[in-house]
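Just so you know, the sequences run in chain order A and B.
Per the numbering used here, residue -9 is the first one in the first sequence, and the count goes up by one each step.
Per the numbering used here, residue 213 is the first one in the second sequence, and the count goes up by one each step.
Single-structure report; data block below.
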Amino acid sequence: MGEALETLSEEGFQFFGKVTASVTHEIKNALAVIRENAGLMEDLISMGERKGGLDPARIQALAGKIGKQAMKADGIVQNMNRFAHSMDEPVAELDLGDTLRLLAALSGRIAAMHGVVFETRVPDAPVRLKTNPFFMETLLWGCLEFAMVAAGPEKRLALVLEEVETGARIRVTGVRVAEEVEGPEFPPERHNDLHRVLGAEVRLAPSRDEIIIELPKVACL
Amino acid sequence: MKTRVLIVDDEQEFVEALSERLSLRDYDVTTSSSGRDAAENVAQYNYDVVVLDVLMPDMDGVETLKRIKGAKPLTEVIMLTGHATVETAIEGMKLGAYDYLMKPCKDDELFDKIDKASAKKAEHEERIREAKVKEIVSSPRSVLSS
Chain A
-9 MGEALETLSE EGFQFFGKVT ASVTHEIKNA LAVIRENAGL MEDLISMGER
41 KGGLDPARIQ ALAGKIGKQA MKADGIVQNM NRFAHSMDEP VAELDLGDTL
91 RLLAALSGRI AAMHGVVFET RVPDAPVRLK TNPFFMETLL WGCLEFAMVA
141 AGPEKRLALV LEEVETGARI RVTGVRVAEE VEGPEFPPER HNDLHRVLGA
191 EVRLAPSRDE IIIELPKVAC L
Chain B
213 MKTRVLIVDD EQEFVEALSE RLSLRDYDVT TSSSGRDAAE NVAQYNYDVV
263 VLDVLMPDMD GVETLKRIKG AKPLTEVIML TGHATVETAI EGMKLGAYDY
313 LMKPCKDDEL FDKIDKASAK KAEHEERIRE AKVKEIVSSP RSVLSS
């Protein structure tokens, strides 16, 4: 178990590091927009004082842009906060739809860098699992990372959640994995411990255009 | 003559605000929202300074920098970076970028760097002009052969 724990920790740290770097980059971008718009507002006000002719509608529009970016940054921070709290409990009941939406939101900048858009399709009723929330996020992130690299030409990936008798099934559609092309191995061998601990089964569909993740209602942690 | 600046960033609202602020300070500003577009712009037109975001979809900052320097070696490039990509900015400086700045950047720092980068380019161009004049003076026939 010691070696397995080491692998899980390593995967977890890498995942946490990637998400943190991406999220803080997004916050920096929002702050840069706020900074430039605030600077522009100052420029226009000081120009108006010197030459007259200050346009209140223009100032209002800039204030609106600043407010919008502040709300965007706040949303990013809230997501990061929820993500950080997923480490609070080793075992907890989670709503898998919420987890998928959170991961899709956290992947924002990385997905944009791949030119990929995520869409989540979850049932109206929550799909609840008892599992290790952070390991579950680590597993799902690994699948999303692969999907971003293997996205088909439309670059639209859907995360489709279904409740099944044994627990839950997630299908990541919109990938295109050619058999003849050598690419990253999927699922990677280093995720074996993660799959085992969570009781998960991860595979590519025979059509090689979607990833299928089967999860039990209760993980044997 | 106004300093010609090209701003390259995929964050539209950032580009719009910075572009207007530079225009108010009498810079001649053009914008690009991708590395590919920037590289095409630089190949077609002359800019004194390019302000280039390091992390962009489609073509990253380092690749864009290489294309800019390949097309117009004298054009100076200032790289903009979030803290996660400082290493890339440093790599950019090794590849000939003038300097880098972290986002969000202090106003004076950016305007000051643009002015200094533009002055460096002007000085470099002046030295090239002087060398050409020297060549002509020392060997007037070279004008005929060039």
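Glycine included, every Cβ here is placed at the ideal spot set by N, Cα and C.
Beta-carbon neighbours of residue i, restricted to chain B and to distances below 8 Å
i, result
"A:G54", "What A:G54 touches in chain B: nothing, since even the nearest Cβ is about 11 Å away."
"A:A115", "In chain order: nothing, as chain B lies at least about 36 Å away."
"A:E29", "Contrary to the premise, residue 29 of chain A reads as Gly rather than Glu in this sequence. Ordered by position in chain B, the residues that pass the 8 Å Cβ test against A:G29 are A229, R233 and D319."
Nearest neighbour of residue i, chosen from the options [CA to CA]
i, options, result
"A:V106", "A:M126, A:T121 and A:L149", "A:L149"
"A:L129", "A:R166, A:N71, A:I201 and A:V165", "A:I201"
"A:E169", "A:P178, A:L194 and A:K58", "A:L194"
"B:T293", "B:E321, B:I280 and B:G273", "B:G273"
"A:K55", "A:E153, A:N27 and A:A94", "A:N27"
"A:P116", "A:E144, A:L151 and A:P143", "A:L151"
"A:L188", "A:M103, A:P80, A:D114 and A:R99", "A:P80"
"B:Y312", "B:D319, B:K325 and B:D320", "B:K325"
"A:G142", "A:H104, A:W131 and A:G132", "A:H104"
"A:P206", "A:V165, A:D199, A:E153 and A:R198", "A:E153"
"A:D215", "A:G87, A:A95, A:R186 and A:G43", "Because chain A in this structure spans residues -9 to 211, residue 215 of chain A falls outside the shown range and cannot be described."
"A:Q4", "A:R180, A:E191 and A:L21", "A:R180"
"B:M271", "B:K284, B:G247, B:A283 and B:P285", "B:G247"
"A:K58", "A:R25, A:I100, A:T89 and A:N71", "A:R25"
"A:P196", "A:P178, A:N182 and A:V165", "A:V165"
"B:K284", "B:E252, B:D238 and B:D319", "B:E252"
"A:E155", "A:E204, A:K145 and A:E144", "A:E204"
"B:Y310", "B:D319, B:A331 and B:C317", "B:A331"
"B:K214", "B:E338, B:D319, B:D327 and B:S350", "B:D327"
"B:D320", "B:D221, B:V220, B:R233 and B:Y259", "B:R233"
Whole-angstrom C-beta distance between residue j and residue i, which should lie under 8 Å
i, j, result
"A:F136", "A:F176", "5 Å"
"A:N19", "B:E223", "5 Å"
"A:S97", "A:L134", "6 Å"
"B:I290", "B:V263", "5 Å"
"A:L184", "A:L(-2)", "6 Å"
"A:T121", "A:L84", "7 Å"
"B:V217", "B:V254", "So it is not a contact: roughly 12 Å between Cβ atoms."
"A:V167", "A:A209", "The Cβ separation is near 27 Å, so there is no contact."
"A:A158", "A:L119", "6 Å"
"B:L267", "A:H15", "7 Å"
"A:I66", "A:V13", "6 Å"
"A:L52", "A:L44", "Not a contact, Cβ separation roughly 12 Å."
"B:E275", "B:A329", "That pair is no contact at about 20 Å."
According to DSSP, residues forming a beta bridge with residue i
i, result
"A:F108", "A:L147"
"B:M291", "B:L264 and B:Y312"
"A:A158", "A:E153 and A:L205"
"A:T163", "A:A148 and A:E200"
"B:T242", "B:L218"
"A:E191", "A:E204"
"A:R118", "A:D85"
"A:A141", "A:V165"
Contacts of residue i in chain B (Cβ-Cβ under 7 Å)
i, result
"A:D33", "R233 and L236"
"A:A102", "P269"
Chain A residues whose Cβ lies nearer than 8 Å to that of residue i
i, result
"B:E270", "Rather than Glu, the amino acid found at residue 270 of chain B in this sequence is Asp. The answer, in chain order, is G105."
"B:G294", "T14, H15, K18 and N19"
Proximal residues of chain B, C-beta to C-beta of residue i below 9 Å
i, result
"A:M37", "L236"
Residue i: CB within 6 Å of a non-hydrogen atom of the ligand ATP
i, result
"A:L96", "By its list of ligands, the structure shown contains no ligand whatsoever, and the ligand ATP lies outside what it can speak to."
Of all the residues that make up the segment 310 to 329 of chain B, which are near chain A by a beta-carbon distance shorter than 7 Å?
K315, P316 and D319
Taking only beta carbons into account, state which residues of the segment 1 to 27 of chain A come closer than 8 Å to chain B, listed in chain order.
A11, S12, T14, H15, K18, N19, L21, A22, V23, I24, R25, E26 and N27
Can you give me, in chain order, the residues of the segment 274 to 291 of chain B that have a beta carbon less than 9 Å from any beta carbon in chain A?
none
Anything in the segment 87 to 100 of chain A with a Cβ closer than 9 Å to a Cβ of chain B? List those residues in chain order, please.
R99
Can you give me, in chain order, the residues of the segment 217 to 230 of chain B that have a beta carbon less than 7 Å from any beta carbon in chain A?
E223, E225, F226, A229 and L230
Proximal residues, the segment 256 to 267 of chain B versus chain A, C-beta separation under 8 Å
L267
Check distances from the C-beta atoms of the segment 111 to 140 of chain A to those of chain B and list, in chain order, the residues that come in under 8 Å.
none
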